[in-house]
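Worksheet: the structure to be examined is printed underneath.
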Amino acid sequence: MPEKITIENLHIDDTNHPEDYEGPAIFKDFNEEMTDDTYQEKFPYIRTDEIILKNVTTASGKDLLISRNPFMFQDVKVHTD
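Each residue of the sequence shown is one higher than the last, beginning at 322 in this note's numbering.
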């Protein structure tokens, strides 16, 4: 992945969502087994270092999540303007 990702002027229309909806996520949880430091990836995935969000909104008013797997992206810094 790139070292830095900028998402600018994005409106997410998430008005038609299920009842247990937590909000939209930037990254999919593509490895559900990676939940702590004991997991060893066969082919390590290099994650981005930083995400910059500028004028990113959701119709639901829910915050944008990094991922449904917080451990996998725990070191990613998110900045908003």
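Where a beta carbon is used, it is the ideal one built from N, C-alpha and C, also for glycine.
Q: Drop a sphere of 10 angstroms on the beta-carbon of Ile372, count the other beta-carbons inside from all chains shown, and report buried for 16 or more, exposed for fewer.
A: Start at 1 with the first residue of the sequence shown, and residue 372 comes out as number 51. Result: buried.
Q) If you run the structure through DSSP and keep just helix, strand and coil, what is Asn337? A) In the sequence shown, counting from the first residue as 1, residue 337 sits at position 16. Correct three-state label for Asn337: coil.
Q. With DSSP run on the structure shown, which of helix, strand or coil describes Glu329?
A. Taking the first residue of the sequence shown as position 1, residue 329 is located at position 8. Of the three classes helix, strand and coil, the one that applies to Glu329 here is strand, per DSSP.
Q: Leaving aside the five residues before and after Pro345 along the sequence, list all residues of the same chain whose C-beta is less than 8 Å from its C-beta, in chain order.
A: Start at 1 with the first residue of the sequence shown, and residue 345 comes out as number 24. Within its own chain, the residues whose Cβ lies closer than 8 Å to the Cβ of Pro345, once the five positions on either side in sequence are excluded, are Ile333, Asp335, Thr379, Lys383, Leu385 and Leu386, listed in chain order.
Q. Just how far apart, CA to CA, sit Pro365 and Glu324?
A. Start at 1 with the first residue of the sequence shown, and residue 365 comes out as number 44. Start at 1 with the first residue of the sequence shown, and residue 324 comes out as number 3. Rounded to the nearest whole angstrom, the CA to CA distance from Pro365 to Glu324 is 15 Å.
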